[in-house]
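Read through the structure below, which is laid out as structure tokens, and then see the notes.
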Amino acid sequence: MSGKKRILVDETEWYRAQRAAQNLKQVRRDVPRLLDEVRRRTEADQARTRAVLEERARRTEQALSGLAAHTRQLERDTGRRLREQSERLHRELRGTADRLERDTRTRLAEQRAALERELAAERDQRRRDIAGLTGRVDELAGNRDRAAAAARDWLADGATMAGLIADTLPHERHAPGRLDRLRLDLDTARRNMDAGHHEAALPLAQRAYLDLSELRVDIEHRELERRLAQGAATDALVLVETLITQNRVRPVTGPDGEPIEGAELDVDHWSEGELDELRAEVTERLSRAGDDATTVAELRELTVEAPQLEQRLGEIVDRAGMRLLASQLRVNLADSVAGTLSRIGAYELADGEYEDADERRAYHAVLEHANGNKIVVQVLPAPEGETGQVLRVLSYDHDTASERELRDRAEAVRHALADDGHPTGALESEPGVPDPGADDLGRFRKPEAAPLHRRPADGAS
Amino acid sequence: MTGRLGSRFAGLRLSAGEPFTVVYGPGVDDTFIGADHRERNLDAVLWHLLRAQSCAYVAYSSQRRPLYFLDPESEARSRPSGRVPAGAPSRPPAQPAGSAGAGYMRHPQLRGPLGRVVVRPPARGPGPAPAGARSVSSAADGTGSPTEPAPTRALSDPFTVMTLAGYLADPPHRTAVVFTEAESTLRHTDATRPLDTFFSDWARHGDYDHPVVLVFARPTFDACVSYVESLHGYPGLAARLRRQATPSVRVGYPDEAELHRLVQRMRLRDGLRIRDWRELDGVVRAMAAQPLTVKNWRSNLLSLDGTPFSGRELTERGWLPRAGRDTRPAAEQLDDLVGLEPVKGHLKRLRRRVAAQALLRERGLGTDAEAASPHLLFAGPPGTGKTTVARLVGEMYRELGVLSRGHLVETRLDDLVAGYVGQTTSRAHAVLDQAVDGVLFLDEVHGLGSENGSFERDVLKVLLARLENDRDRLVVIAAGYPDKVDEFLASDDGLRRRFGERIAFPDYPPDVLHRILLRYLAAHGLRWDATLAGQLLHVVTELHATRRPDFGNAGTMRNLSEKIFTEWAVRVGEDIGQPLTVADLPEDHRALLPRPAPDDGTLLSELDAMVGLAPVREVLGDLAKRIRLRQVRGRGLPPPPNLLFVGPPGTGKTTVARAVGAMFRKLGVVRKGHVVETTRADLVAEYVGQTAPRVREAVHRALDGVLFIDEAYSLTAGSGVQGADFGKEAVDTLVREMEHWNDRLVVIAAGYPHEMEAFVRSNSGLASRFTVRVEFPPYSAAELVEVLRRSAAADGYVLTPQAAERAEQWFDARRRTDPTGFGSAREVRGLLAAMESRLAGRLLADPPATDHSTFTADDVPPP
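Laid out in structure tokens, this is it:
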């Protein structure tokens, strides 16, 4: 019982090369398919939004039919333009084929600029329309009856508009208190009217109606803006979620660059649960994005942060993939060391197993010599953040107790490993004698057959 | 089972009971063509050998392929799933890399979230290892044909050791581990320490029933061990190998049969053409004697490239030695050798005997008889063709089927002895390893000396062990001087039992030596006429007649030829057209030329000038006359007599001995007539075993002359000192040598009459050998006066008659005071000195006196 040697096998170069070759961080594998998937998953949202909008348009149309003829025309024109704007902007949000390739912030800025442009155009149009209406009010000056009739019309239109806004638009979200204030204005005009001050009531009623009309457009615009932001955030997060799903199992590329048949990378397993953590976070964010109470600013925040999640996903996949390769590398190294010991020492491989039968753990191989000597080769995973493998050679020599002979043998092993292409550092002697039970690998095996991919609950290695 | 692997592995066992088996030798890199004509590499051969020894599992390891196997069962055991206990669910073996296709993990039982996909292909593929990488591989090859398995995995060294150690730990059946390139594995492994630990642990705690085989591409076991030691990283292994009793397995060069199979294979597969089928056997035999592997020969023969295979072609290309071109049977070559008739006779008998044994054995007869030893002793001086004959004996044994290769490895006994403790054994093993399947020619053997005795005993132990272990694969021929061969045999009882025939190599006769000398001279480019050739024959004859036991035969002729060449070159300068003349003979050799016979009157002329000695002259004159008579009658010369000179000291015995030497030479009784003067101090040593060589050495120096032993009785007189009687040893040795050299040696023993009686009686052999007794009577006073006159005259003095008379009185007075001690000429020297002093004193006291050279009566001191 003697000899316990530790050899650090440096694999930095290999890691760098493998990392480049495997390209595990690139989680977007098939962009058209990815887009299809994202579209499929957001289609329901879009349909629901469209239905809401159509319902509101129907009710708005119904309400508008109660308006006086001239205002009815005005509002109809406005409503048509609003629908046109909404459809155009939504189309732009979804329709751009290259939108996934472009920066989210840039897209958001463009979206906002388009919206601003639409709003400005709308305001110009309405100013011209309203100027036409107010001009006709001047003609009524001096004619009391006609003024009273006109004031009644404005009051009625104002009440209709106020009802429309209150019933169909999320005014409290986008313009809290403004509707109440304009209703007070209408009430004031109605009391003037009831008190017979028709001339005073007319401009007041007219003013109130125009303000209400303005409010409606304003709310419509704000709602449009929110929906656009919500759509963007949802899209971005759905994209990440889709990527997570798509990258849950990855093919493994061999050293020749070709995928290895039958081999797959269970990212969550090899990342020790990191993938599921990420998925949970994305799910939570999606639910926030779907919540109408979420502000535009928050939605924009979610959108902007989505690429970071995607990056995290890449890192998780990369880490998992490298761990898998490192695990294979460990058994490779054990194989190579066994071959070396067989070649130079007439040892023969007797057994090999992962610690706790878990491929993410150290690999142990037991070699036997014809004279009863044994060597246990342990290939330990690199500590977190390092790129080496630690090779420990425990020798059980029953034929000699000479430290010098044992050292000679260990040196011979190290030389042979170096000759076989394993860059090795200086041979380290570990104090103490090897654990007498280290050559029994049966302790790692559970009575039931160990499945290839087990997911023990314990933490990272 | 293993017989079909070829003779190099026949009957081989990879040792059990030792922790390691070392396989080494020149053949380990070779391929092996078995009796079944299949070709295998060493891995496959070892696999079969180990399987035959019921090793169920065999693992191999080399530096290039750290772990590999030749059969699937062995491979399976190296995998943990391969040793799952029965009943347990077996896992599918790991699929080889790449079989699952690129982009998928190698181990099918491993799954990630992406299944078996590889998400990050490594920079450099862990797929099939690059070619030539170290590997674990399995080549299931039951038939063992050498295959190169495809590399799949490359073990790292520390794990290789771990795996191999595990492979040997508690195996269910007999298991072997083979390190196929041990040198490079040991040298280059990154896991020296674990490997050393593995070896040490295995040696200490391992179950030796499982072979651990180390293959070294080293020529000798010792080189393997030295190599391991030189690495310094494997002290345990090195020490163990040093201690290892069995030096394991040597893989040598292919034998004749295997090379025959190679030639046949190449004839069928590679289109090798044989020029003459009749000479094929001989050529292949010559090939087998070369230190070349099957791979060497295959490469050589392939490079013939269409040229037909023949002995001449192989020799032309330098693959066979010139001498080796003689592809005739050994017997024919032996017949061509000059001289050596007794040797030829011996070998013919030997050949008949071995051939008869073989024939009997073919019919199943005589199998129970203990085979006569094939090992031989060659006793004879150097330069008599022993090496040549040994080579031919090797070939003869090969022809007779006694040895598979029959090559000759030459060494000297002393060369096997190393300078350090423990190395001798391994060095001896190393040399013997080379000689396996051939002949080890062990030259200059001798007994165990006191100096290197323990090391030499190590050599003998190794030699005896290998003679036993490699009984059928190794022949040793021990050679040396006859007496040294005797000592060699005496040094261990086992040797006497192992060695069979003893073949004596006599010195070459003069005519053969003459031919050899002329051949050397011709090789120098010299010319001569018939006269000179005749004179050279005479010189050579004389050299032969006066040769000592260490006579160099052909070597002496070569040295003489070089001396003659030098003399000639000095004489002629640039005029190299001149032929040789007598003047070119070196001075000492010119003396050997025939000289005119001496006149009788001059025979003893040297004694004429001496005072007295009348009885001596009489005895010697009689002896000369007897010898003359025999010569005149045409009878052979009698052996020269040995003389006893009996008389007091100072009676001219030494001088007479010189005169006797000259006389005998003139008479032709001895060749040289020189005198070697010795005393006890020269002949008797202080330590055991040194006396006899001293006596022999003195005798050899005196051969063809006179050995003069002054105060000879002192040889026996000193006995009893510290209980060691080396004087007796000297006398015994002397007697033996006198007997041995009785026709070439004159011994003159001199001493006082009484003591000499005791000396002659001390050894019965002495009395019979000293046939002539010469009495040296003491000088009379008148004779001493004459001696005094002559001595004085020699110094320019003159004696007056009065002075002479006074001197005679002086001598008489001396004789009266000391009758036994007196009578020596030495008295004269003492008197002359005293007279000189007195003359000087007289002249000083009387200055006018002018006669400085006349002794007067006054100058003679009073008695």
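Protein chains in written order, with UniProt numbering: chain A, 1 to 461; chain B, 1 to 863.
Note that the Cβ used here is the ideal one computed from N, Cα and C, for glycine as well.
Proximity below 7 Å, CB of residue i to CB of residue j
i      : j      : result
B/S837 : B/G796 : no
B/D732 : B/S426 : no
B/T678 : B/A698 : yes
B/Y713 : B/M756 : yes
B/D458 : B/T424 : yes
B/L766 : B/F855 : no
B/E395 : B/F441 : no
B/L164 : B/V178 : no
B/N642 : B/G383 : no
B/D704 : B/K672 : yes
B/Y57  : B/T175 : yes
B/A182 : B/L214 : yes
B/G236 : B/F198 : no
Bridge partners - residue i, DSSP secondary structure assignment
i                      : result
B/N559                 : Answer by DSSP bridge pairing: none, since B/N559 is not bridged.
B/L440                 : B/V409 and B/V476
B/A176                 : B/V58
A/E351                 : Checking the displayed sequence, the identity of residue 351 of chain A turns out to be Asp instead of Glu. A/V366, per the DSSP bridge assignment.
B/F378                 : B/A479 and B/I503
A/R250                 : A/L265
B/E39                  : B/I33
residue 462 of chain A : Lying outside 1 to 461, the shown extent of chain A, residue 462 of chain A is not represented and no answer is given.
B/T21                  : B/V213
A/K374                 : A/E368 and A/Y396
Rounded straight-line distance, which links the Cα of residue j to that of residue i
i                      : j      : result
A/V413                 : B/G6   : 44 Å
B/A139                 : B/F499 : The predicted position of B/A139 is uncertain, since its pLDDT is 39 and thus under 50; a value taken from the coordinates is nonetheless stated next. Roughly 49 Å separates the two Cα atoms.
A/E272                 : A/E359 : 12 Å
A/A44                  : A/D440 : 59 Å
A/R60                  : A/L302 : Here residue 60 of chain A is Thr; the residue named in the question, Arg, does not match the sequence. Roughly 32 Å separates the two Cα atoms.
A/A229                 : A/A297 : 9 Å
A/L67                  : A/L204 : 18 Å
B/Y167                 : B/Y234 : 21 Å
A/L286                 : A/L179 : 32 Å
B/V669                 : B/N742 : 11 Å
B/T541                 : B/A390 : 28 Å
A/R226                 : A/G132 : 32 Å
A/A57                  : A/H197 : 37 Å
B/R628                 : B/L667 : 8 Å
A/E110                 : A/R33  : 26 Å
residue 883 of chain B : B/F505 : The first residue shown for chain B is 1 and the last is 863, placing residue 883 of chain B beyond what the model contains.
B/A692                 : B/L513 : 31 Å
B/K209                 : B/R13  : The amino acid at residue 209 of chain B is misidentified as Lys; the sequence shows Asp. Distance between the alpha carbons of B/D209 and B/R13 is about 13 Å.
Residue i CB to nearest heavy atom of the ligand FAD below 6 Å
i      : result
B/R789 : Summarising the ligand content, the structure contains no ligands, and the ligand FAD is consequently not present.
*Which residues, in chain order, does the segment 157 to 173 of chain B contribute to contact with chain A at a C-beta distance below 9 Å?*
D157, P158, F159, T160, V161, M162, T163, A165, G166, Y167 and A169
Measuring CB atoms only, is the segment 344 to 361 of chain A touching the segment 306 to 321 of chain A, in the sense that at least three cross pairs come out at less than 8 Å?
Because the criterion of three Cβ pairs below 8 Å is not met, the segment 344 to 361 of chain A and the segment 306 to 321 of chain A do not touch.
inquiry  = Would the segment 110 to 126 of chain A count as touching the segment 221 to 230 of chain A if we require 3 or more Cβ pairs under 8 Å?
reply    = The answer is yes - the segment 221 to 230 of chain A touches the segment 110 to 126 of chain A, with three or more Cβ pairs under 8 Å.
Residues from the segment 254 to 278 of chain A in contact with chain B, defined by Cβ distance under 8 Å | Within the segment 254 to 278 of chain A, G254, P255, D256, I260, G262 and A263 place their CB atoms closer than 8 Å to a CB of chain B, listed in sequence order.
Practice item. May I ask you to verify whether the segment 302 to 312 of chain B touches the segment 344 to 363 of chain B, counting CB pairs closer than 8 Å and requiring at least 3? Key: Taking a cut-off of 8 Å on C-beta distances, the segment 302 to 312 of chain B does not touch the segment 344 to 363 of chain B, as fewer than three cross pairs fall below it.
task = Decide yes or no for the touch test of the segment 109 to 119 of chain B against the segment 255 to 270 of chain A: beta carbon pairs closer than 8 Å, at least 3 of them.
result = yes
Q) When the Cβ atoms of the segment 461 to 469 of chain B are set against those of the segment 306 to 321 of chain B, are three or more pairs found closer than 8 Å? A) no
Three or more C-beta pairs closer than 8 Å, one from the segment 23 to 39 of chain A and one from the segment 313 to 321 of chain A: is that the case here? yes
Between the segment 556 to 565 of chain B and the segment 508 to 527 of chain B, do three or more beta carbon pairs fall short of 8 Å? yes
Touch check for the segment 233 to 248 of chain A and the segment 118 to 131 of chain A: three-plus C-beta pairs under 8 Å?
Because the criterion of three Cβ pairs below 8 Å is not met, the segment 233 to 248 of chain A and the segment 118 to 131 of chain A do not touch.
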